[in-house]
Amino acid sequence: MAETTVTTEQKPIALVKRAVELYRDGGSERLKRGAEEYLRVNTPLLEKPRYQDRRIDNEQRWKRIESHIEPEHDSLLDIGCAEGFFCVRAAERGLQPVGIDSDEKSIRTARERGSDGDVSFRAAEITPETVAELPASDVVLFLTVHHHWVSAFGFESAAAMIRTLCAKSELFVYEPPGDRYLGSETNDVAQELSQYYTDLLRAIVGEDIRIVADYTSPYTGAGREDPIIIVDTSDFEGVNGE
Numbered sequence: 001m002a003e004t005t006v007t008t009e010q011k012p013i014a015l016v017k018r019a020v021e022l023y024r025d026g027g028s029e030r031l032k033r034g035a036e037e038y039l040r041v042n043t044p045l046l047e048k049p050r051y052q053d054r055r056i057d058n059e060q061r062w063k064r065i066e067s068h069i070e071p072e073h074d075s076l077l078d079i080g081c082a083e084g085f086f087c088v089r090a091a092e093r094g095l096q097p098v099g100i101d102s103d104e105k106s107i108r109t110a111r112e113r114g115s116d117g118d119v120s121f122r123a124a125e126i127t128p129e130t131v132a133e134l135p136a137s138d139v140v141l142f143l144t145v146h147h148h149w150v151s152a153f154g155f156e157s158a159a160a161m162i163r164t165l166c167a168k169s170e171l172f173v174y175e176p177p178g179d180r181y182l183g184s185e186t187n188d189v190a191q192e193l194s195q196y197y198t199d200l201l202r203a204i205v206g207e208d209i210r211i212v213a214d215y216t217s218p219y220t221g222a223g224r225e226d227p228i229i230i231v232d233t234s235d236f237e238g239v240n241g242e
């Protein structure tokens, strides 16, 4: 799933606020990339780049994820699969992957890329009402999606959705955005970002999980590094009856 961008539907004050955030978080280079993305989204003559082409670290991310996939793992579910990079890699390894994304164009591209493998792609909007319908999978990839769910459904609903996913998996791969503290208006949090998200995940899911490993991965090579947290959810049964 692509990073959240500011569109022309938002009020001018939101555009200014986001520009200030971009400059504060990454200086002129971060602001420049944000402006370029804004133009791609809002200018029809400019082709919107594929998500997989915007990231420089997909191969590195997959190698780290793959190193935690066990021989007994047969299925993989990729939430916000974009153009299907990880699903195709999983199929090459012998897993049966399912990729889901709300962007139909991305799903069409994914189906073209995965046409030779045992991989399934679905264009669907996952909501608090539909998340329980997702298939149980040995491995669930939840990469740069959390902040989108918080924006769309609110913090508590997004947290409940994450718990549902954890209950459906044996291994949960959590990657939040590496350029913000979720829900923070100022990003003025006196805590390292990766530790902040590790603590946040534990607060959401509880203690019935085991953090297997954590990494950071460069997003575009221009300052942003996303935490990647590998979680053993085999003993997780839900929170408060979920």
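Quick note, the sequence shown lines up with residues 1 to 242 if you use the UniProt record's numbering. Glycine included, every Cβ here is placed at the ideal spot set by N, Cα and C. These numbers were taken from a predicted model, which means no experiment stands behind them.
For ALA91, the three-state secondary structure derived from DSSP is helix. Judged by pairs of C-beta atoms under 8 Å, the region 128-147 touches the region 163-174, as three or more such pairs exist. Look at ILE230 here: in three-state DSSP terms it is strand. Within the model, the alpha-carbon separation for ILE56 versus SER234 is close to 31 Å.
VAL119 is the residue among LEU182, ILE69, GLU104 and VAL119 whose C-alpha sits nearest the C-alpha of PHE85. Residue environment analysis places ILE209 among the buried positions, since at least 16 neighbouring C-beta atoms fall within 10 angstroms of its C-beta. A Cβ-Cβ distance of about 6 Å is found for the pair CYS81 and ALA110, placing them in contact under the 8 Å criterion. DSSP places ILE100 inside the beta strand (DSSP E), whose first and last residues are 96-101.
Between ARG64 and ILE228, the CB-CB gap stays under 8 Å.
Around the beta carbon of SER151, a 10 Å sphere encloses fewer than 16 other beta carbons of the protein chains shown; the residue is thus reported as exposed. Secondary structure of TYR197 (DSSP, three-state): helix.
Counting the other CB atoms within 10 Å of its CB gives GLY94 a total below 16, which places it among the exposed residues.
Under DSSP, LEU141 shares a beta bridge with ASP78 and VAL173.
For VAL231 and ALA19, the gap between their C-alpha atoms comes out near 34 Å. Excluding sequence positions up to five before and after ALA132, its CB lies within less than 8 Å of the CB of THR164, all in the same chain and listed in chain order. Inter-residue distance for GLU225 and PHE121 is about 28 Å (C-alpha atoms, whole angstroms).
Here DSSP, grouped into helix, strand and coil, assigns ALA213 to strand. Counting only residues of its own chain and dropping the five nearest sequence neighbours on each side, HIS147 has a CB closer than 8 Å to the CB of THR4, PRO176, PRO177, ARG180 and LEU182.
With a cutoff of 8 Å on beta-carbon distance, HIS68 and GLU170 are scored as not near each other.
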